[in-house]
Structure formats: C-alpha cells, structure tokens
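Visitor: In order, the protein sequence lines correspond to chains A and B. Just add 116 to wherever you are in the first sequence, counting from 1, and you've got this note's numbering. Just add 1 to wherever you are in the second sequence, counting from 1, and you've got this note's numbering. Ideal Cβ placement from N, Cα and C applies to all residues, glycine included. Predicted, not measured: the structure shown is a model, and the values here were computed from it. Below is a structure I'd like to ask you about.
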Amino acid sequence: GAVVSQHPSWVICKSGTSVKIECRSLDFQATTMFWYRQFPKQSLMLMATSNEGSKATYEQGVEKDKFLINHASLTLSTLTVTSAHPEDSSFYICSANRYRGNTEAFFGQGTRLTVV
Amino acid sequence: GEDVEQSLFLSVREGDSSVINCTYTDSSSTYLYWYKQEPGAGLQLLTYIFSNMDMKQDQRLTVLLNKKDKHLSLRIADTQTGDSAIYFCAEGGGKLIFGQGTELSVKP
Chain A
117 GAVVSQHPSW VICKSGTSVK IECRSLDFQA TTMFWYRQFP KQSLMLMATS NEGSKATYEQ
177 GVEKDKFLIN HASLTLSTLT VTSAHPEDSS FYICSANRYR GNTEAFFGQG TRLTVV
Chain B
2 GEDVEQSLFL SVREGDSSVI NCTYTDSSST YLYWYKQEPG AGLQLLTYIF SNMDMKQDQR
62 LTVLLNKKDK HLSLRIADTQ TGDSAIYFCA EGGGKLIFGQ GTELSVKP
C-alpha cells in the first residue's frame, strides 16, 4: 500500500509559539491531502482539505489564521499551528489519496501536540 | 449533514467472535471503511467495502453491508487480546466522516 509519513510524531511547545507539522506521501503524488484532529477518547474531525497549488478548504469552525495549511508540492502538505495555546493540544493526523475521486485514504501515523 | 454512529464499547472473551456495528446517513458514499487505532498510534486501515457489495471477507475479518438500512458491521473471528483497540467506521472518499469509535476489550 501507499505510505504517508508525518513529522514529528510528537512535539511539546510553549504557549504562544508556532508549530509546523509535515505530511508527506512517500511513494505517490497526492493533489489532495486532509488534516484531522482527534481529542482524547474522541473521533477524528476533519479540519481542512489541502489542495496542491491552491488555498486549503477549511471546515466550519476551524480558524484558518490559526491553522495555516500549505500544500506546496504533490508530496508535501504542512499544517502550522500558530500562537499555540494549551487547548490546541491534540492528536493531528493527515491523510492522502493516491488517485482523484472516491478511493482509499492513506493515513500518516499522527502527531501528538502538547502545548504547555 | 453526514453522520456515522457506532456503539462505544464492546467486551468479548478471547476466542469468541466480535461484531462491531455502524450506521451511516450518506447514501451516496461509494466506500465504507474500518480502521483500527491502538493507544497513542495512528489509524490502520483494516478493510473497506464498495457500496455495491454486500459482504467482504479477509482472513478473520468479515464486513457486511446493508445498504437499504445503511448499516455496516465488522466481524472479527477468533478474537485475540491483540485485537483490543478502538475501531472506527468511516464513509466517504477523499475526506472521511468517522464514527465515534468502538472500544473493543478482549478478556483472556
């Protein structure tokens, strides 16, 4: 199967700083990637759709100035949590589809963000 | 909007079969998925089924789809302690809508 890699796997940062999380498709090109957030003991909630070469599409209630998404190449999307606060602490997971349309989504291993 | 519902907990004894149920609302979904998540880890795709199928079997896993009732189930045969995890069903294609997850506990 296709491989999607996230980096870092975990990160601890101070309040007010920014953190960048990378999502890479290692053996295929992904024009679209997706960012999800998971709070403890809860399900995954879609935050935004990352489109290569264009602006990301954010889900309702997600602050686009807070969660900056950049999809600069066909194999890399980044999520930057700006001016992080403790309530931003969560598990962030990305996914990518190998092909356009309604097909299998491959997930990264996730990034555990803790803001202190 | 789309919604996916699962029961939250299931407890079985080792060697028994586990059946995890899921209902969804979006009848246009082409794919339905089952993912496994172990503590502190990402998502592992277990299996998926096309909406034009009724059943799919893959080793110990059997997926049943009742499209009329919008009901999806995952049966794990001969459940082992290593199967203890949270299981998510999801619908969609690129972006997925997830259920709340079912925590499966396997007792020796």
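Pull out every residue of the region 29 to 43 of chain B whose Cβ sits closer than 9 Å to any Cβ of chain A, in chain order.
Guide: Those residues of the region 29 to 43 of chain B that come within reach of chain A (Cβ to Cβ, closer than 9 Å) are 30, 31, 32, 34, 36, 38, 41, 42, 43.
Visitor: Since residue 1 of chain B and residue 160 of chain A are thought to touch, with beta carbons under 8 Å apart, how far apart are those beta carbons, to the nearest angstrom?
Guide: For chain B, the structure presents residues 2 to 109; residue 1 of chain B sits outside this window and is missing.
Visitor: I'd like to know whether the C-beta of residue 94 of chain B is nearer than 9 Å to at least one C-beta of chain A.
Guide: Judged by the 9 Å Cβ criterion, residue 94 of chain B is in contact with chain A.
Visitor: So, with DSSP's three-state summary, where would you put residue 230 of chain A?
Guide: If DSSP states are grouped into helix, strand and coil, residue 230 of chain A belongs with the strands.
Visitor: What in chain B is Cβ-close to residue 162 of chain A, meaning under 8 Å?
Guide: What residue 162 of chain A touches in chain B: 96, 97, 98.
Visitor: Got a sec? Which residues, its chain only, sit under 7 Å from residue 178 of chain A by beta carbon, not counting five neighbours each side?
Guide: Closer than 7 Å at Cβ, skipping near neighbours: 163, 164.
Visitor: Apply the 10 Å Cβ neighbour rule to residue 223 of chain A and answer buried if 16 or more other Cβ atoms are within range, or exposed otherwise.
Guide: Result: buried.
Visitor: Would you tell me roughly how many angstroms separate the C-alpha atoms of residue 228 of chain A and residue 58 of chain B, rounded to the nearest one?
Guide: Approximately 34 Å between the Cα atoms of the pair.
Visitor: Can you tell me where the beta strand (DSSP E) holding residue 81 of chain B begins and where it ends?
Guide: Taken as a continuous stretch (DSSP letters only), residue 81 of chain B belongs to no beta strand (DSSP E), as it is neither H nor E.
Visitor: Which of the three DSSP states is assigned to residue 27 of chain B in this structure?
Guide: Residue 27 of chain B falls in the coil class under three-state DSSP.
Visitor: Short of 7 Å in beta carbon distance, which residues of its chain neighbour residue 50 of chain B, apart from the five on each side in sequence? Order them along the chain.
Guide: Closer than 7 Å at Cβ, skipping near neighbours: 33, 57, 64, 66.
Visitor: Per DSSP, which residues does residue 6 of chain B bridge with? Please list them.
Guide: According to DSSP, which records beta bridges pairwise, residue 6 of chain B is partnered with B/24.
Visitor: What does residue 144 of chain A pair with, by DSSP beta-bridge criteria?
Guide: Partner(s): none; residue 144 of chain A has no beta bridge.
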